[in-house]
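These notes are about the structure you will find just below.
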Amino acid sequence: MIHVVVFDTNVLLSALFSLHGSPFRCLALAKTGVVKSVTC
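What follows is the structure, encoded as structure tokens:
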């Protein structure tokens, strides 16, 4: 079962500034297909 997650602007910007934080790891999960990302 693939989970659908919603990423807001704060998560996207935080992932750009920190390559080791939780936002970056969340986007990495979306990039690898573990979760399906939806942006608002």
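In terms of the numbering used here, the sequence shown opens at residue 661 and continues consecutively.
Note that beta-carbon positions come from the ideal geometry of N, C-alpha and C, so glycine has one too.
Contact under 8 Å by Cβ, VAL665 with VAL695: yes
Close Cβ partners of PRO683 (< 7 Å) along its chain, the five nearest in sequence each way excluded: VAL671, SER674, ALA675
Run of the alpha helix (DSSP H) containing VAL671, from where it starts to where it stops: 669 to 677
Whole-angstrom C-beta distance between THR699 and PHE677, which should lie under 8 Å: Not quite, the Cβ-Cβ distance comes to about 17 Å (not below 8 Å), so this is no contact.
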